[in-house]
Amino acid sequence: MRKAQMEILGLAIVVVLILVATIFVVRFMVIKSPTEYRKGFISAELASNMLSTFLKTASKDCSYLTMTELLQDCAQTRSIICDNGLDSCKYAESTASKIFDGTFDKWNMKYEFLAYTDASQPLIKIGKACTAEKRSKLFPIPINIATMYAKLDICG
Amino acid sequence: MKKAQIQMGETIAVLFVFFILVTVGFIFYVKVIKGNIELESEELSQLKSVAIAQRAMFLPELQCSEDNIAIDNCIDILKLDSAQALMRENEVYYYDLLEFSDISISQIYPSEAKWNVYSRKTDEFKSKFVTNAPISLYDPITRKHGFGVLTIETFLK
Amino acid sequence: MDKKGFEVQFNWIFVLVAGAAILLFFSAIVIKQKSVADISTKATVLKNVEAIITGAGISTDTTNTISIPESSIEISCGRISLGAVSKQYENLILFAPASIKGNRLITQTLSFNAPYKATNLLYITNPEIRYILIGSSSLAKEINKTLPSELKKEFYKSLSDIKGTNNHKVRIIAFESMTEFPKALAKMPDSDVTAVRVNGDAEKGIIEFWQKEGNSWQSNGKSYYIGKSSLIGAAYSDTAEAYECGMQNAFSKLNLVTKVNIDKTNKLMQKSSDARQVQCTQFYSNALAHLNKILPSGTFSQESINAIAESAKSLAEENKNSQIHSCPLIY
């Protein structure tokens, strides 16, 4: 190869390198993806609001006891039997299922709700565990012997 | 062809290539700017929908209070009917706050019920967002909370 | 001229024309870009201010310092503008100086209660403005405590105690008479020194707006306040018109919230009457009478302020009675 041809080849390589670099710059610096303000707002609010609202809710046929009170009984004596014959654990579970049916299932959102004193043996478990990213909220509920927890994970 | 003419031709060719490069660069720049504007407009629409949702969730006309202390994520069901009528009567006032949107409250537990609080829709929207927020529905007479969902549909031009 | 000479000259003319065309092209792009960037910055600031206004509707009793690009914000009744970029609001409840210059904003929110919460009042100012409180009354001390610590604020017993420092703007909130003019401020431009004289208590009172004119004060209008949050609004506003604009919008909102509360109280009364809870029914009936006195107060005036202040006190009493007798609360 002659000297001139070598020079041209070198120039061509430089041009190709500059082109590749430009494409990378354009791809990663110029073309930005939109900031998901709405998703951030919804994720921040949803798990926390859902759990706090659920725990405040009064039962229909359990002397208007709140879900917090039913969960407290569920973790301790299980002495409360509701008008429909269910005990506190089953009643709280059926109410949570009903509420999550009308919300998360309707909105096609995957979730897992747990109520436990010992995380390995939950008293109530609804939904499936998230396999990837999740937004989580944990509410401690005071009981006589220790503390119980209500936990809600929203997947995605 | 004379030497001078050849030189002129060369200069014109260089200028032509130069302007072509400038035009290509300019087209690329305009495309990037246009992309950024679209991106910003998308972000702005999202922010607007969040702002409307927040305004709706904290309206004193709907919010529960206990001895004048506002309770977050809670709607007083005794205020609902009158707030609904009020928003219909004062459409212009509430348009300034809630713009083109549809706000409804659905009770899921203990029984099912639905209230359409504010509705001002438009067919000429560029983006539409639906925000669902779980809320407590408080009855001050029984002092019990029900479970509901506040649905805010925003239509942005 | 010989042929070669002509060729050289033509070449130079050609280079000149082509160079000028290129220069013109890029200059036009630069000028256009500059104006676009200017408008874009102003739009960003306006977007920030809009976010502040939205946030104000939600959170009460908050103070924030926000950094913005260096700008000059003009605030008038229902309008916020930054040069050519502006935003018009139908019912803006905002108290601020007419012009805010700089790269930082201080925002504060307080709720407007009569006695139930009607709305949040939003205050915006600039950390460069010097706020001087004059007086020794308990109200003066309370207002000093309520104004955010981020403000450049000073507290003196009398106007003559004011010391002179270089300031962009001075705002005096006087709880004493305005007879004398502070010597320390004599050299400042007239438009940069304004004052508000407060005559009343924490519940309600009269306020008079003043403007520096040479070495004396010139009255700029009288108005009224109801409650601490409204008085703070007067402290932030430059003129009586700007203050009354914000208060008028707050009163419109109060009117709407009152309508909802009347309906709620009617329902509570109906229920308690059905349940034969005589005492509760009586409290609700009394409360309704007070609420109906607050209702016509859609316009901001001394009469409506007096009516609201009186009824609000009685209504708060009825709400307390409801609580004591385990009746559902009115608000």
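Chains as they are written, first to last, in my numbering: chain A, 1 to 156; chain B, 157 to 313; chain C, 314 to 644.
Ideal placement from N, C-alpha and C gives every residue a C-beta, glycine not left out.
The model shown is predicted, which means the values in this text are computed figures rather than measured ones.
Asked: Cβ neighbours of Ser385/C in the same chain (closer than 6 angstroms, five flanking residues each side left out); Found: Lys414
Asked: Chain B contact residues for Asn404/C, given Cβ-Cβ distances below 7 angstroms; Found: Tyr249, Asp252
Asked: Span of the alpha helix (DSSP H) around Ile193/B; Found: 159-213
Asked: Terminal residues of the alpha helix (DSSP H) in which Lys39/A lies; Found: 37-56
Asked: Interfacial residues, the segment 282-293 of chain B to chain A, with Cβ spacing under 7 angstroms; Found: Phe285, Thr287, Asn288, Ala289, Pro290, Ile291, Ser292
Asked: Any chain B beta carbon closer than 7 angstroms to Gly370/C; Found: yes
Asked: CB-CB length for Lys470/C against Ser449/C, believed under 8 angstroms; Found: 5 angstroms
Asked: Contacts of Pro266/B in chain A (Cβ-Cβ under 7 angstroms); Found: Lys60
Asked: Chain B within 7 angstroms of Val570/C, Cβ atoms only; Found: yes
Asked: Reduced DSSP secondary structure (H/G/I, E/B, other) of Met148/A; Found: strand
Asked: Pairwise C-alpha distance: Tyr549/C and Asn377/C; Found: 15 angstroms
Asked: Residues bridged to Pro142/A (per DSSP); Found: Thr147/A
Asked: Beta-carbon proximity check, Leu71/A vs Ala115/A, cutoff 7 angstroms; Found: yes
Asked: Trp107/A in three-state terms, based on DSSP; Found: coil
Asked: Glu217/B burial status per 10 Å Cβ neighbour count (16 or more: buried); Found: buried
Asked: DSSP three-state assignment for Asn377/C, whether helix, strand or coil; Found: strand
Asked: Cβ-based neighbour list, Ser43/A, same chain, cut-off 8 angstroms, excluding 5 preceding and 5 following; Found: Arg135, Ile154
Asked: Span of the beta strand (DSSP E), counted from its first residue to its last, around Asn416/C; Found: 412-426
Asked: Ser201/B: contacting residues in chain C (beta-carbon distance under 8 angstroms); Found: None at all; the shortest Cβ gap to chain C is about 12 angstroms.
Asked: CB contact below 7 angstroms: Phe147/B versus chain A; Found: The structure shown has nothing for residue 147/B, since chain B only spans 157 to 313.
Asked: Contact set between Gln590/C and chain B, taken where Cβ atoms lie within less than 8 angstroms; Found: Ordered by position in chain B, no residue passes the 8 angstroms Cβ test against Gln590/C, which lies about 11 angstroms from the chain.
Asked: Ala497/C, DSSP secondary structure in three states; Found: helix
Asked: Supposed contact pair Ser340/C and Thr422/C - C-beta distance, whole angstroms, cut 8 angstroms; Found: Not quite, the Cβ-Cβ distance comes to about 47 angstroms (not below 8 angstroms), so this is no contact.
Asked: Closer than 7 angstroms to chain C by CB, Asn192/B; Found: no
Asked: Asn288/B - DSSP class collapsed to helix/strand/coil; Found: strand
Asked: Three-state secondary structure (DSSP) of Tyr537/C; Found: strand
Asked: 7 angstroms Cβ shell around Tyr250/B - same chain, five flanking residues per side excluded; Found: Met243, Tyr274
Asked: For Ala146/A and Gln76/A, the rounded distance between their alpha carbons; Found: 10 angstroms
Asked: Inter-residue spacing [alpha-carbon to alpha-carbon] between Arg392/C and Thr420/C; Found: 17 angstroms
Asked: Contact set between Tyr37/A and chain B, taken where Cβ atoms lie within less than 8 angstroms; Found: Glu199, Gln202, Leu203, Val206
Asked: Any C-beta of chain C under 7 angstroms from that of Phe214/B; Found: yes
Asked: Bridge partner(s) assigned by DSSP for Asn512/C; Found: Ile519/C
Asked: Ile162/B versus Ala169/B - alpha carbon distance; Found: 10 angstroms
Asked: Residues in the segment 61-72 of chain A having any Cβ partner in chain B nearer than 7 angstroms; Found: Tyr64
Asked: Whether Val509/C touches Ile520/C by CB criterion (7 angstroms); Found: yes
Asked: Near-chain B residues of the segment 407-440 of chain C - C-beta to any C-beta below 8 angstroms; Found: Asn426, Pro428, Tyr429, Lys430, Ala431, Thr432
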